[in-house]
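Visitor: In the numbering used here, the protein residues as written are 6 to 265. Positions of the beta carbon are idealized from the N, C-alpha and C atoms, including for glycine.
#1: Just to confirm, are residue 154 and residue 220 a CB contact at a threshold of 8 angstroms?
#2: With residue 109 and residue 129 assumed to form a contact (beta carbons below 8 angstroms), what rounded beta-carbon distance in angstroms separates them?
#3: Are the CB atoms of residue 97 and residue 192 nearer to each other than 8 angstroms?
#4: Would you tell me roughly how many angstroms separate the C-alpha atoms of residue 42 and residue 212, rounded to the nearest one?
#5: So, does the CB of residue 94 fall closer than 8 angstroms to a CB anywhere in chain D?
#6: Residue 125: which of 251, 226, 244 sits nearest, CA to CA?
#7: Hey, would you say the C-beta of residue 201 is under 7 angstroms away from at least one heavy atom of the ligand PLP?
#8: Is the beta carbon of residue 230 sitting closer than 8 angstroms to the one on residue 190?
#9: In the DSSP assignment, find the alpha helix (DSSP H) that holds residue 239 and state where it starts and stops.
#10: Starting from the Cα of residue 102, find the closest Cα among 121, 87, 146, 52 and give me that residue.
#11: So, is residue 40 buried or exposed, given that buried needs 16 or more other C-beta atoms within 10 angstroms?
#12: Report yes if the C-beta distance between residue 50 and residue 99 is below 8 angstroms; otherwise report no.
#13: According to DSSP, simplified to helix, strand and coil, what is residue 166?
#14: How would you write the range of the alpha helix (DSSP H) that residue 177 sits in, first residue to last?
#15: Would residue 76 and residue 57 be called neighbours here (beta carbons separated by less than 8 angstroms)?
#16: Is residue 261 closer than 8 angstroms to residue 184 when the C-beta atoms are compared?
#17: To the nearest angstrom, how far is the alpha carbon of residue 112 from that of residue 258?
#18: Rounded to the nearest angstrom, what separates residue 9 and residue 181 at their Cα positions?
#19: Is it buried or exposed, residue 3, if we count other Cβ atoms within 10 angstroms and call 16 or more buried?
#20: Helix, strand or coil: which one does DSSP assign to residue 187?
#21: Count the other CB atoms within 10 Å of the CB of residue 248; is the residue buried (16 or more) or exposed (fewer)?
#22: Looking at the unbroken alpha helix (DSSP H) that takes in residue 59, where does it start and where does it end?
#23: Under 8 angstroms, do residue 265 and residue 179 count as touching if we go by C-beta distance?
#24: Quick check on residue 149: buried or exposed, where buried means 16 or more other Cβ atoms within 10 Å of its Cβ?
#25: Assuming the contact rule is C-beta atoms closer than 8 angstroms, residue 206 and residue 251 should be a hit. Round their C-beta distance to whole Å, please.
#26: From 253, 18, 13, pick the residue whose C-alpha is nearest to that of residue 135; which is it?
#27: Tell me which same chain residues have a C-beta within less than 8 angstroms of the C-beta of residue 29, skipping the five on either side of it?
Encoded structure:
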């Protein structure tokens, strides 16, 4: 897909997101059903499912041959990045959606023959979208985003998984101690947006593909470092612990991990 085609697709998906924004906020004012998946804190709502079905329909209208890896199961069983593969997280931060009616995101990413093409993360309540890709550049709505300053861990805020911090996993307590400060947002999309805007120096959590696909496309396009906590390269079809950070912070986190 050439740059002109990418730009057209970006505009098209921004239209989908505008429609999703309206649909989701309207549903916030209505009754919706809440249930659980893998545990009492793993929530899913009618709005998650409706939003995913909306995206899947739009993607298949755009490209009937696309494969879709999605959180709520309305996509496909994807085992390869051959062809065009989309990642869909309809409501990222469902607990926040249910309890706060704020601090939740919706995310899409598209790869073509294994290469990251474009991604979109929308803070739904604030109607802010970070979007673009390696060839288009990265934008927040209509403003170009610059590469964040290369600050080290002790010079900025680190975003962490609260659950795993409490359990002492992945050297998170030591990372939190060495950071200037740490934050917990409860949404991968919202967390990625803070790092992409340079408001935080990094984000570390265990995630599934739809949680991090959009974030890593955008982060790598801004020259941020992305990888597994164990130092291995990311296989975007696999779940695992993912870190995205400035180069200096990434190096500091890897040093801490290796010493623990």
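Guide: In terms of the structure at hand:
#1: no
#2: 6 angstroms
#3: yes
#4: 16 angstroms
#5: Protein chains in the displayed structure number just one, and chain D is not present.
#6: 226
#7: What this structure holds is no ligand at all, so the ligand PLP is not there to describe.
#8: no
#9: Note, residue 239: premise wrong, no alpha helix (DSSP H); not H, not E.
#10: 52
#11: exposed
#12: yes
#13: coil
#14: 177-183
#15: yes
#16: no
#17: 26 angstroms
#18: 43 angstroms
#19: The structure shown does not extend to residue 3, since the chain spans only 6 to 265, so no value can be given for it.
#20: strand
#21: buried
#22: 51-67
#23: yes
#24: exposed
#25: 5 angstroms
#26: 18
#27: 52, 56, 96, 111, 129
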